[in-house]
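Asks:
Residue numbers (the numbering used here), protein chains in the order written: chain L, 96 to 575; chain D, 96 to 575; chain E, 96 to 575.
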């Protein structure tokens, strides 16, 4: 049973002909627009060497994508069978190393993704990028694997060539605050025109409760050549690192917080807690307050150096401790919790939210905060913007709910437009294509109900596609 | 670029012709029905003198409407540029006083409201009330200003004439519990037939933690000619005031609460806390309990005197302290917080919720409580009704979510129908028109899916438009 | 005014012809499929005697259904007027005993249910099961009562015959953990082929804070012939009971919890708390921990004996104490509260959630947890499945929200398909018909938007209708 894989050109649009025709027109107007990708998780090294080649379809598509393999795990497929390496494999558990076998297993369970964005993205990649003609099933798995594998070995499928083919104009990676950014340096030195910029991810320095924190402070000392023994030196080192990131093109920072609580500490208090943290003697309550204060500092530094501040809120990391201990982080067991922004962000917004020099972009996994908290906050504070629907919510219904629950209160112009958060290079055009279609359809509904005019919709789809992300992430200069 | 401003007669209806035709029929059946407005924030003084004239378009439309100018503020327009007065302007900051300039600024940023109810309402006002022919843009701003300004100076645009033109049958204002209601008295004495009734807003007496509270107690003493030194005198004075409001036509009270916690105190306890509050020595916990008890008292008094009890829940007032200190309250920085009703209202509902003499109308800004708490509660307790989608949620999607999340559980008849909460007189017909369209469209969908019959829908749209608000706010007598 | 009662064959489908035609095709493919009902509240005794006859329409349809009469109560109809018995009627309050009068009252208030699933289900029962030709109104009430009453006295309307006519293949009841299951035994002994299986409902043993708990422990002792003085004996008795239920066909257990908090206690700790509970000296905090530990035990026992574990979460029982004291439990005053699963279920999921032998089915009344917590959790943990939209949410919009908020993240295959939770036998086909229609329409939308193919939809509707419930409730063996 080989079913043809055909992407209907009208896919995802309303069937109502009046809506659909407008949607098609709007979509066509941005379909081929360049891609701006100011936040995501692509590895920069793939762009260093112009001859870099992806190893095989499995390592390109499945292995880096915990969002895919968690679904197979939920139905009882062991992660070992999907090639996920065991951290300390002392008992010599067999981990599947054959990429074809992993691909085959994945194909057999691909039906689990029916109606999910993962299926939509992957079908786009298969059809549009790799020219695959048949749907991925257990019967077609190997044939498709081989088609992709062959292509990956050709010049046209090297990362730099794909970057161009996908019309990417800018791609931001996510990089640890202590990173030397060697790959970014190398890309720059290579003379290639592609714009791969880093993002200052501060988690490793701010999560003082995590085991590796002290080590990270050593790394920070090392990389800044500063002897960090005090809070003020710590902040100074962060400022220095931000400046280094900025020198390599960074326009933004990022932090993941479980709860976005903010509170300002006095300098002596901050010094005291930092010193306690270094001694490993900080209490849970003090940890919370120290981290709350660090969000204040990051906002202050952003006003100073102009870097955009991103907050990714509410993901309870490594919920499944068995998986975490066996396989490490990012294995599909990060689960959202309830969020609260009105009270938690109050200190920060009161101190810095009225300052236009700050851009604070908030991402949430708790959709109940859209209409209740984020839209009213962003509809008032000059500094605040609402980030694109994130992670699980970067989906057809998720994007629609975002629009329907936020725009009537916050307006479109207090959001960032589409931001992809991709983990694999080939998923980037797939994600942007889906977002452009859903945006077009949302606008087409507004037009066909006479809420906005078609002219206005034509402007708004451009805003969503590139104007808003460029503004929110302050990319004008780097793109000009 | 002057774009025509045309309100499509089919606007906001589904494009599906089967739904749309039914929607049109239902809408037509109530389009010209009188307006019942049992809750809102129109100033009563505009009706005292039959020759009252609105000063200019800016003071009619923009200045009283923080819901509008907060959006410009969110994009960096200072409130000073919008004519919002600074409380203690010791440093002589320039506040724009030229209404034309403010109007021009507003017009330049009007694109921010694309797809929001503010745009829909304002377009209705411009086109239907003022006969404006072009869309509001920076190019047309002054021309439109002048059209409106000229009209405002004519007799037809005096408030009493607009009241008639809009077919308003009843308009309730919101008035401080200590108000002399002089304007309401004056309206009555003027012999004009318009029904402008007050609403007893109890916040100033109940918020014992606010700075002005003691002063409000003095005012209460003064206005009731009672010497209020004890809790029992306090309650007696409230009873007396409620009775005064009632004598001027009031059928309802209103309270804004951050958290709708209810708890009954013993008389001695209440006396003790009241005495502490007077001495300024009440703790935070005691404040919460005192206020929780006041909700119980208000319910008890409502059973006594028949006044409907409204609760507006969950708005964190003056979230932005910089703006609050500089410009005062109601400047667009009230932000919702998470709500909980099941446990919080338990004491009140257990004591008074089974009593049909009480009507308790609850408004929420937390839509996650619609299907989870409010619909099940209202679907059981005889006293409880769910108020119309409030504030940010009085929008196309907001009204739709309200219907879709509440009616299947609570039924239509445990809601209040449409209540406008308007801040400007000319927005009232705009808001009712939008609500009637959305109600018609909602019902048309039910009819076209064979969930209800067209006959039933015809009844339901009348219920939504006037029967339910009249019943919920006990307006039969005053309207007959 | 006698309006014809006609069920449009296209009811509940989108009016868009492209969607509707696909929906019809999909619906037709499962319309006559057998009914699997693995969770509900039908009394088993009605199947014991093949000549069992329902008393009258009122006792069949209204009296057992608090979901119906709570709506009349919310509009001021006293429960006495609906025949709800008063527990200790010392003051001789009149309780209506005439079923025709109750039916008449119900009919007069039937308009309250406009647009609700109750109306949809009841209309189906009237038209499809009883052949009623007119809508239920105060005018037609008695006529319709008599039609139904006459039919109930005929052979075709005896429960076993209805079971067959409805094509029920399996019906699970809900039974107290200490029940002798005498009716289930009797049904088996009668030789009838109908599959009526019990479900082990553990609440009475786990809710150690409830007044009757100690008595329930005595009952447990009695029925297991074990002398239960210790925690380990208690667990042993539960194991024994589960095994007895299993021997009579049970494949599942069920627990209702207000908050799904889980925590493992050490054996000595559990023993201590159990002993305290027996002495009535357990604190509130200890009660919470004991119950949290019992959820762990239930999961552990499920892994042992293979019984599926159901959790019905978040219903605050008997919220209205006046009604509870006067009429007892299940009188329409159970109100949902906010839920939290990510942290609460962590201990259980960490210990047992990776074990495929466990199936844990979670039901929630807090829809904000769908996309935020339940879908991500079920999309990761092999043991977890999300139960069908429950109670208030078993409605057209409720089912749609469930699909739209869950499937994109968890996939269809981490849900249970449709589970009815019916309280009356005749509502079962009504509920399944509605669910099949909504499922068909949901899938038709996906097909018409080219998200899935029609072939895939054909499979998915079968999965929803019977494959998923059979798998989730482990019914393969009993059905073969």
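Built from N, CA and C at the ideal position, the CB exists for glycine as well.
1. Which value, in whole angstroms, describes the spacing of the CA atoms of residue 451(D) and residue 337(D)?
2. Do you know how far the Cα of residue 502(E) is from the Cα of residue 460(L)?
3. Spell out whether any CB of chain L is found under 8 Å from the CB atom of residue 475(E).
4. Go ahead and label residue 269(D) buried or exposed: buried means 16 or more other beta carbons lie within 10 angstroms of its beta carbon, across all protein chains shown.
5. Using a Cβ-Cβ cut-off of 8 Å, state whether residue 472(D) counts as contacting chain L.
6. What's the gap between the Cα of residue 540(E) and the Cα of residue 548(D)?
7. Pick helix, strand or coil for residue 538(D), following the three-state DSSP scheme.
8. By the criterion of Cβ-Cβ separation under 8 Å, what are the contact partners of residue 463(D) in chain L?
9. Beta carbons nearer than 7 Å to chain E: which residues of the region 399-429 of chain L have them?
10. Just to make sure I have the definition right: I need the residues of chain D whose C-beta is within less than 7 Å of the C-beta of residue 451(L). Which are they?
11. Which stretch, first to last residue, makes up the alpha helix (DSSP H) that contains residue 298(L)?
12. Find the residues of chain E that neighbour residue 490(L), judging by a C-beta separation of less than 7 Å, and give them in chain order.
13. Which runs of the alpha helix (DSSP H) fall wholly inside the region 449-473 of chain E and span at least 4 residues, in chain order?
14. Is there at least one Cβ from chain E nearer than 8 Å to residue 555(D)'s Cβ?
15. On a CA-only basis, which of 110(E), 313(E) and 349(E) is nearest residue 396(E)? Give me that one, please.
16. In whole angstroms, what is the alpha-carbon distance linking residue 190(D) and residue 476(L)?
17. Which value, in whole angstroms, describes the spacing of the CA atoms of residue 212(L) and residue 157(L)?
18. At least one CB of chain E closer than 8 Å to the CB of residue 457(D): is that the case?
19. Using the three-state DSSP reduction, which class does residue 276(D) fall into: helix, strand or coil?
20. Compute the Euclidean distance between the alpha carbons of residue 510(D) and residue 173(E), then round it to the nearest angstrom.
21. Would you kindly report the start and end of the unbroken beta strand (DSSP E) that includes residue 361(D)?
22. Determine the chain E residues that contact residue 105(L) at a beta-carbon separation under 8 Å, and present them in chain order.
23. Starting from the C-beta of residue 423(E), find all residues in its chain whose C-beta is less than 6 Å away, skip the five residues before and the five after it, and write them out in chain order.
24. Curious, which full-length alpha helix (DSSP H) runs of at least 4 residues does the region 250-275 of chain L contain?
25. Determine the direct distance from the alpha carbon of residue 206(L) to that of residue 341(E), and round the result to whole angstroms.
26. Step through the CB atoms of chain E and report whether any lies within less than 8 Å of the CB of residue 307(D).
27. Run through the region 483-531 of chain D for me and flag every whole alpha helix (DSSP H) of 4 or more residues, listed as ranges in chain order.
28. Check each candidate in 170(D), 175(D), 125(D) and 250(D) and name the one with the smallest Cα separation from residue 145(D).
29. According to DSSP, what are the bridge partners of residue 229(E)?
30. Give me, in chain order, the residues of the same chain whose beta-carbon lies closer than 8 Å to that of residue 429(D); leave out the 5 immediate sequence neighbours on both sides.
31. So which residues of chain D does residue 444(E) contact, with C-beta pairs closer than 8 Å?
32. Can you check which of these residues, 132(E), 162(E) and 259(E), is closest to residue 426(E) by C-alpha distance?
33. Specify the secondary structure class of residue 295(D) as computed by DSSP and reduced to three states.
34. Just how far apart, CA to CA, sit residue 398(D) and residue 339(D)?
35. For the region 193-208 of chain L, list every residue whose C-beta sits within 8 Å of some C-beta in chain E, in sequence order.
36. With burial defined as no fewer than 16 other Cβ atoms inside 10 Å of the residue's Cβ, what is the status of residue 392(L): buried or exposed?
Replies: So, from the data block:
1. Cα to Cα, the separation comes out at about 20 Å.
2. If you draw a straight line from the Cα of residue 460(L) to the Cα of residue 502(E), it comes to about 16 Å.
3. In terms of beta-carbon proximity, residue 475(E) lines the interface with chain L, with at least one pair separated by less than 8 Å.
4. The residue in question, residue 269(D), is buried, as its Cβ has 16 or more Cβ neighbours within 10 Å.
5. So no, residue 472(D) is outside the interface.
6. Rounded to whole angstroms, residue 540(E) and residue 548(D) show a C-alpha spacing of 24 Å.
7. Helix, per DSSP.
8. Chain-order list of chain L residues neighbouring residue 463(D): 463 and 467, by C-beta distance under 8 Å.
9. Going along the region 399-429 of chain L in chain order, one finds 411, 414, 415, 416, 417, 427 and 428 with a Cβ nearer than 7 Å to chain E.
10. By Cβ distance, chain D contributes 171.
11. Residue 298(L) -> alpha helix (DSSP H) spans 298-301.
12. For residue 490(L), the neighbours in chain E by C-beta distance under 7 Å run, in chain order, 503.
13. For the region 449-473 of chain E, whole alpha helix (DSSP H) runs of length 4 or above, ordered along the chain, are 470-473.
14. It does: the Cβ of residue 555(D) has a partner Cβ on chain E nearer than 8 Å.
15. Considering only alpha carbons, the answer is 349(E).
16. The C-alpha of residue 190(D) lies about 20 Å from the C-alpha of residue 476(L).
17. Approximately 15 Å between the Cα atoms of the pair.
18. Not closer than 8 Å to any Cβ of chain E, the Cβ of residue 457(D) fails to qualify, so no.
19. Residue 276(D) falls in the coil class under three-state DSSP.
20. Using only the alpha carbons, I get a separation of about 20 Å.
21. Counting along the chain, residue 361(D) falls outside any beta strand (DSSP E), and DSSP gives it neither H nor E.
22. Correct list: 545.
23. When the five nearest sequence neighbours on each side are left out, the beta carbons in the same chain lying within less than 6 Å of the beta carbon of residue 423(E) are those of 182, in order along the chain.
24. Runs of the alpha helix (DSSP H) inside the region 250-275 of chain L: 254-260.
25. Answer to the nearest angstrom: the Cα atoms are 33 Å apart.
26. By the rule that beta-carbons nearer than 8 Å mark a contact, residue 307(D) does not touch chain E.
27. The region 483-531 of chain D contains these whole alpha helix (DSSP H) runs: 491-505.
28. Nearest Cα to residue 145(D) within the set 170(D), 175(D), 125(D) and 250(D): 250(D).
29. In DSSP, residue 229(E) forms a bridge with 99(E).
30. Result list for residue 429(D): 410, 411, 412, 413 and 414, in chain order.
31. In chain order: nothing, as chain D lies at least about 23 Å away.
32. If we check each option's Cα against that of residue 426(E), 162(E) comes out closest.
33. Residue state, collapsed to three classes: strand.
34. About 16 Å.
35. Answer set for the region 193-208 of chain L: 206, 207 and 208.
36. By the neighbour-count rule (16 or more Cβ atoms within 10 Å), residue 392(L) is buried.
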